[in-house]
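These protein sequence lines are chains U and E, in that order. Under the working numbering, the residue at position 220 of the first sequence is numbered 228, and the numbers go up by one with no gaps. Under the working numbering, the residue at position 68 of the second sequence is numbered 197, and the numbers go up by one with no gaps. No residue lacks a Cβ here, since even glycine has one placed at the ideal position from N, Cα and C. Here the structure is a predicted model, which is why all the values come from computation and not from measurement.
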Amino acid sequence: MSKEAVFMQGNQAMAEAAIRGGCKMFFGYPITPSSEVPEYYARVMVERPEENITYIQAETECSAFNMIAGAAAAGHRSMTATAGPGFSLGQEAMSYMSAAGLPGVVVQIMRPGPADGEILPAQGDYFQITRGGGHGDYYTLALAPWSIQELVEIMQESFVLAEKYNNPVVVVSDAMLAKLRESVVLPDYTDNEAAPEEKHNTLTGAKGRKRHLITTCGFGAVQWNQFNNDLQKKYAEIAANEKRYESYFMDEDPDIVVVAFGAYSRVCLSGVKMAREAGLKVGMIRPISLWPFPDNAFEGLDGKQFLVCELNAGQMVQDVKLSVKNKDDVHFFGMLGGIVPTPKEICAEIQKVEVK
Amino acid sequence: MKVVYEAPKINTGVPTTYCGGCGHGIINRLIAEVIDEMELKEKAVLLWPIGCSCVNVNTMDIDQLCCLHGRGPASGTGMKRANPDNLVIVYQGDGDMVSEGMAEIMHAAIRGEKFTVIFVNNAIYGMTGAQMAPTTLLGQNASTAPGGRQVINSGYPVKMAELLAELPGTVYSERVTVNTPANIIKAKKAIKKAFELQMKGEGMTFVEVLSMCPTGWSMSPVKACEWVDTNMTEIFPLGVVKDETEGLKQQEEAAK
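Structure representation (structure tokens):
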């Protein structure tokens, strides 16, 4: 496979990366800004029969998520891609897959809500993505790339992580990253050996082994208490292993730390650079894992001022406040409805922060 | 001594939680017997619904998935498409299928998903306590239809076997019941035929089983068996609604 960069749209590059990562089953429902992903799978199914793609256009996102559950239970890599309204419909199945230990992968391509909302870039689904989103005590690993290059790498790794923890993984994109076209080196085909049946409790027929059973129905309070405690142990393990972030100019002891994630954090980094050119001591932290939130990135930063920039009314800012000693040092700059501030506007917000 | 009757081999011996006179236990047993007879234990995956049956996952020694309420046909789609050689059985009750999961069952049939659906219709919500189902008969009492189901509030009972037979994706649709020994034998034949068609790789195979719910109906088990004949079969007539087997046989002949 050539290592030359290609010029590709985020959604399409992501779909190609997933196929090369061994995800041959896609179940989806068209919704802007995600529709190029199902279209890509549908086209590959027809044009590259050697890939052995299964593409089903589901009747609802609710069904699409449950189809993933079925395919994952049968031991196959499978995914869907959707936006906020569809992700909401899938929450029942996210709760289910979390409890059932099914390694489904979902791409959440955020757009402004609530309700039907708009089809532009937004980050208003942060709470839903990072707090479980459905009913019960559960979390899904959520990774938010900022470039198409990082997107394709995370897309492939998400299947490995989902299978490692037997837990659903959410790849967090948005209308910006989805529609953006830029240079990307597509990852190679991965060695996708069948997941070990025993480890994954796979349902393929009890041939030469004991039966496998996947159920999320409780058998009384004592059993269900234990079941939930086991789930929490898994989440603690994920939290210990998978916190990810990148820092920019943080080794220069900045007075102000901008915190932003996803494609929007590229705009924010441009704003940070403008502020630095204007003489301000500014750095930036970019959480890549939204859950588990990389609170370790904030260790030793007491006394600094934090400016959290989000395309929502203030969601990740709560996690930042939980990660620092003095929450009064945490400031917020939000934008709603699909408007993306310019680097200049972000620079102006940085300049407003009073350094103590 | 010659053994003339015994528990199915895939039966684990774990007792079920079904009420006395319930039809589920009979239907579960028929599925187990057919899997035994067709030697499909190593290929079978049974998808349970949410309802009275879902807490009986320990009674059978085969792979099983307990699905979300109503979503069995969606999860079954993912499963059968992933491993087409498996015998995938989607077991659903009337609340699960006809209320919560109407979209899932209809679209699975529209796509002609090649699994078997065993639809247990007892015209009531058993697990949650005798609430009205979409298949509850007009005038039939339910805890959410005191005095009986009224058209003005709840419309009409849904005939799934006929509804799905309308769709080209369904190759076989039959309605049976388990209220008498003779009917149990017919029900078993229907289940076996559905499994055989599935293993041949045909479209959706659908068996609706009218089942007794003495607890939900506030009747004795004997009276409940009678009530199937006197009340249910009038609205839900027994028999084959659709059978494409003949067409398939002709295709096979033509292929030879």
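Under 7 Å between C-beta atoms, does residue 207 of chain E make it to chain U?
yes
Determine the DSSP secondary structure at residue 140 of chain E, reduced to helix, strand or coil.
strand
If you count every other CB in all the chains shown that lies within 10 Å of the CB of residue 84 of chain U, and 16 or more means buried, which is it?
buried
Any idea if residue 232 of chain U is buried or exposed, counting beta-carbon neighbours within 10 angstroms, 16 or more meaning buried?
exposed
From the DSSP output, which residues share a beta bridge with residue 339 of chain U?
U/315
Any idea if residue 203 of chain E is buried or exposed, counting beta-carbon neighbours within 10 angstroms, 16 or more meaning buried?
buried
State the CB to CB distance for the pair residue 170 of chain E and residue 214 of chain U, rounded to an integer number of angstroms; the pair is presumed to be in contact (CB under 8 Å).
6 Å
How would you list, in chain order, the residues of chain E whose beta-carbon sits under 8 Å from the beta-carbon of residue 350 of chain U?
Simply none; closest approach about 44 Å.
For residue 263 of chain U versus residue 241 of chain U, is the C-beta distance shorter than 7 Å?
no
Simplified DSSP state of residue 9 of chain U, which is helix, strand or coil
Any reading at residue 9 of chain U needs caution, since the residue's pLDDT is 49, under 50, leaving its predicted position unreliable; the model's value is listed next. Correct three-state label for residue 9 of chain U: coil.
Cross-chain neighbours of residue 233 of chain E in chain U, by beta carbon under 7 Å:
71
State the DSSP-derived secondary structure class of residue 21 of chain U, mapped to helix, strand or coil.
helix
Counting only C-beta atoms, is residue 308 of chain E closer than 7 Å to chain U at any point?
no
Using a threshold of 6 Å, is the CB atom of residue 159 of chain E nearer than that to any non-hydrogen atom of the ligand MN?
The ligand MN is absent from the structure shown, which contains no ligands of any kind.
Spatial neighbours of residue 236 of chain U within its chain, please: C-beta separation below 7 Å, excluding the five flanking residues on both sides.
145
If you draw a straight line from the alpha carbon of residue 9 of chain U to that of residue 30 of chain U, how long is it in whole angstroms?
With a pLDDT of 49 at residue 9 of chain U, under the threshold of 50, the modelled position of this residue cannot be trusted; read the value that follows with caution. About 15 Å.
Start and end of the alpha helix (DSSP H) containing residue 176 of chain U?
From DSSP, residue 176 of chain U is part of no alpha helix (DSSP H); its letter is neither H nor E.
Please tell me whether residue 63 of chain U and residue 48 of chain U are closer than 7 Å, where the distance is taken between their beta carbons.
no
Keeping to the same chain, check which residues put their C-beta closer than 6 Å to that of residue 321 of chain E; ignore five residues upstream and five downstream.
163
With a CB to CB cut of under 6 Å and the five nearest residues on each side skipped, what residues in its chain are close to residue 218 of chain U?
none
Contact set for residue 6 of chain U: own chain, Cβ-Cβ below 7 Å, skip 5 residues either direction
Because chain U is modelled from 9 through 364, residue 6 of chain U falls outside the range shown and cannot be assessed.
When the cut-off is 7 Å and only beta carbons count, does residue 186 of chain E lie next to chain U?
yes
Contained alpha helix (DSSP H) runs [length at least 4] in the segment 280 to 315 of chain U, N- to C-terminal order
none
Close beta carbons around residue 141 of chain U, own chain, < 7 Å, minus the five adjacent residues each side:
99, 102
Three-state secondary structure assigned by DSSP to residue 37 of chain U
coil
Considering only DSSP beta bridges, list what residue 386 of chain E is partnered with.
Because chain E in this structure spans residues 130 to 385, residue 386 of chain E falls outside the shown range and cannot be described.
Assuming contact is defined by CB atoms lying nearer than 7 Å, are residue 283 of chain U and residue 355 of chain U in contact in what I supplied?
yes
From residue 138 of chain E to residue 337 of chain E, what distance separates their C-alpha atoms?
25 Å
Would you mind sorting residue 184 of chain U into buried or exposed? The rule is 16 or more other CB atoms within 10 Å of its CB.
buried
Cβ closer than 7 Å: which chain U residues qualify as neighbours of residue 282 of chain E?
Within chain U, no residue comes near residue 282 of chain E; the closest Cβ sits about 26 Å away, beyond 7 Å.
Reduced DSSP category for residue 254 of chain U - H, G, I as helix; E, B as strand; rest coil:
strand
So, does the CB of residue 211 of chain U fall closer than 7 Å to a CB anywhere in chain E?
yes
Ignore the nearest five residues each way along the sequence and tell me which others in residue 141 of chain E's own chain have a CB closer than 8 Å to its CB.
187, 188, 189, 190
Distance check for residue 296 of chain U and residue 118 of chain U, CA to CA, integer angstroms please.
15 Å
With a 10 Å radius around its C-beta and 16 neighbouring C-beta atoms as the bar for buried, classify residue 302 of chain U as buried or exposed.
buried
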